[in-house]
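Asks: The numbering used here puts the first residue of the sequence shown at 1133, with every later residue one more than the last.
Idealized CB from N, CA, C, for every residue including glycine.
Since we're looking at a predicted model, the values are computed, not measured.
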Amino acid sequence: MKNVVIVGAQWGDEGKGKVVDLYSAKAEYIVRYQGGNNAGHTLVVNGKKTVLHLIPSGILHADKVCLIANGVVFDPEVFFKEIDSLLSSGAITNAPYERVRVSDRAHVILPYHCALDAARETKAAGGKLGTTVRGIGPAYEDKVSRRGIRVGDLLDPKTLKEKLRHAIEEKNVLMAGLYGGSPVDLESLFESCVKLGEKLRPYVADVKSVLMTALAHKRAILFEGAQGTLLDIDHGTYPFVTSSNTIAGGALTGSGVGEGAIGSVVGIMKAYLTRVGSGPFPTEIEETEPELAEKIRTIGAEFGATTGRKRRIGWLDLVALKYAVEVNGLTGLALMKADVLNGLEFLRICTSYSLGGNTIYDLPSRAEDLARIEPNYEIYPCWPDYDAKKVEEFGDLPEELRGYIRKIEDFTGVPVVLLSVGPGREETLELSDPFTEVGKVH
Ligand code: GDP
Ligand code: IMO
Ligand code: MG
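1) Using DSSP bridges, identify the partner residues of residue 1490.
2) Report yes if the C-beta of residue 1437 is less than 8 Å from at least one heavy atom of the ligand MG; otherwise report no.
3) Which residues does DSSP pair with residue 1139 in a beta bridge?
4) Can you list, in chain order, the residues of its chain whose CB lies under 7 Å from that of residue 1158, leaving out five sequence neighbours each side?
5) Indicate the three-state DSSP secondary structure (helix, strand or coil) for residue 1284 in the structure shown.
6) Just curious, the alpha helix (DSSP H) that residue 1385 is in, first and last residue?
7) Quick check on residue 1185: buried or exposed, where buried means 16 or more other Cβ atoms within 10 Å of its Cβ?
8) Which partner residues of residue 1508 appear in the DSSP bridge assignment?
9) Apart from the five residues on each side of it in sequence, which residues of its chain come closer than 7 Å, Cβ to Cβ, to residue 1459?
10) Can you find the residues in the same chain that come closer than 6 Å, C-beta to C-beta, to residue 1509, ignoring five residues on each side of it along the sequence?
11) Once the 5 residues before and after residue 1410 are set aside, which same chain residues still bring their CB inside 8 Å of it?
12) Within 10 angstroms of the Cβ of residue 1375, are there 16 or more other Cβ atoms? Answer buried if so, exposed if not.
13) Does residue 1344 come out as helix, strand or coil in the three-state DSSP assignment?
14) If you count every other CB in all the chains shown that lies within 10 Å of the CB of residue 1288, and 16 or more means buried, which is it?
15) Considering Cα atoms alone, identify which of 1471, 1249 and 1405 is closest to residue 1518.
16) Could you spell out where the alpha helix (DSSP H) holding residue 1152 opens and where it closes?
17) Three or more C-beta pairs under 8 Å: does that hold for the segment 1415 to 1427 against the segment 1387 to 1396?
18) Would you kindly check if the distance between the Cβ of residue 1462 and the Cβ of residue 1139 is under 9 Å?
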């Protein structure tokens, strides 16, 4: 049995939640290792929808343990809201801390992080990034500048107040001087942190040690990425990115396991592209084909699960996908939302870009260049509307869809291991099992 990492291969919202829920049946531990509640992962089981922001998407499987590892930025208020809603829906019962463990090393998102994120989005001179305003960037800044508050700190009131004092010192100057906001009151912040710490205590664990024991006993582990490759802080479309390493390497640094612990890396991709928030998007069709963009948005329900914003729509970009294959070391691809394109007249696939009269086959590093490249498309016939319930194997798929899958595999050299044709668990064709097999291209 191999351990599997799930990553977004595009700009997020590819359907990671659905795949993690599905694969959780084969794993014992499900681990979130980066990002925070900027994520919105949607699961549909027996027609019932659950949206998770922080708790791993394995939670609907009663016998699995969900871990929130050190690389996550952790908002305790959001965590308890999510626990309460899972308790009231019956997804978890009595002792939830046996099912969900939170790393003592994870950094905490506090209200001043959200306030700073919001102030920058509304008032910063450099223009909007279009963040989720969940305090993600400011919390990671504090981590890197070594004035962050970690989950373990919330459990020790004796040392907490000084740490908080240090954490808010500069922020108060910034908020008052640059953004016209109000300063943070240390006493009330301290009191609310102590209360949160007490409530959190039963959930807190040394997650790295839990993982070491799991590895020693050869228990299958599923690592659940958030966001997507093109939002990675180092390898994404900087500065229009999130503040963590969303690529597969983030699973190692964010959880404390070594490279040898990882068997397969599955990149989750849509049959088309979406992006939410600002930033360059070479194959976007909002202006060139607005009616089609609206149609895909409506059929695909492309509205953000966290902020409700409209997701921008574009054609599949194989140059960007190949890039994702490389920086993640993908061993398999899960092709999602193929049903949304059913019956379209034709499809475009971007296979190279033009930049300043040259044809290029890689992503330029600068957002300014990325914004002015022109995609070069190949046109493909689309598959008709067909009865997916009758499909049991690859050969049963319409030939145009088989052709689309083969094109993706030929271009990237990576097998498609799963095809998804609807939000439900059952609306899935598993072509090979990343926990046990090396998938084959078709
Ligand atoms: P994540 O952030 O990567 O987990 O993705 P989101 O949950 O934000 O967005 C994916 C959306 O597409 C969710 O509403 C899913 O329920 C839905 N979805 C997932 N797979 C499919 C599929 O194959 N077809 C359709 N129509 N919807 C899907
Ligand atoms: P899941 O896990 C799509 C985007 C935001 C913004 C940028 C920075 O559901 O795929 P941040 O709040 O992280 O500082 O915002 O990143 N973004 C996402 N886009 N899916 C997500 O998560 C995202 N999380 C952040 O829209 O452009
Ligand atoms: Mg999402």
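Replies: So, from the listed chains and residues:
1) Counted from its first residue, the sequence shown places residue 1490 at position 358. For residue 1490, which the question treats as bridged, DSSP gives the partners 1487.
2) What you label residue 1437 is simply residue 305 of the sequence shown in a count that begins at 1. Within the cutoff, so yes.
3) Taking the sequence shown and counting its residues from 1, one reaches residue 1139 at position 7. Partner residues in the beta bridge of residue 1139, as assigned by DSSP, are 1399.
4) The residue given as residue 1158 occupies position 26 in the sequence shown. If we look at residue 1158 and ignore the five residues flanking it on each side, its Cβ neighbours are 1352 and 1567.
5) For the purposes of this step, residue 1284 is identified with residue 152 of the sequence shown, where counting begins at 1. Correct three-state label for residue 1284: helix.
6) Taking the sequence shown and counting its residues from 1, the one referred to as residue 1385 is at position 253. Residue 1385: member of the alpha helix (DSSP H) spanning 1381 to 1385, first to last residue.
7) Here residue 1185 is taken as the residue at index 53 of the sequence shown, counted from 1. Label assigned to residue 1185: buried.
8) Stepping through the sequence shown from its first residue, residue 1508 is reached at position 376. The partner list for residue 1508 (beta bridge, DSSP) reads 1484.
9) Here residue 1459 is taken as the residue at index 327 of the sequence shown, counted from 1. Cβ within range, chain order: 1361, 1367 and 1379.
10) Locating residue 1509 in the sequence shown gives position 377, counting from the first residue. Correct list, in chain order: 1480 and 1482.
11) The residue given as residue 1410 occupies position 278 in the sequence shown. The answer, listed in chain order, is 1259, 1260, 1261, 1262 and 1372.
12) Your numbering for residue 1375 matches position 243 in the sequence shown. Buried is the call here.
13) Within the sequence shown, numbered from 1, the residue matching residue 1344 stands at position 212. Residue 1344 sits in a helix when the DSSP states are folded into three classes.
14) As a working note, residue 1288 is residue 156 in the sequence shown. Exposed.
15) Here the question's residue 1518 lines up with position 386 in the sequence shown. When each option's Cα is compared against that of residue 1518, the closest is 1471.
16) On the sequence shown, residue 1152 is found 20 positions in, with the first residue counted as 1. That run of the alpha helix (DSSP H) goes 1148 to 1155.
17) Touching, no, given that fewer than three Cβ pairs across the two stretches are closer than 8 Å.
18) Start at 1 with the first residue of the sequence shown, and residue 1139 comes out as number 7. Start at 1 with the first residue of the sequence shown, and residue 1462 comes out as number 330. Cβ distance < 9 Å, so residue 1139 and residue 1462 count as in contact.
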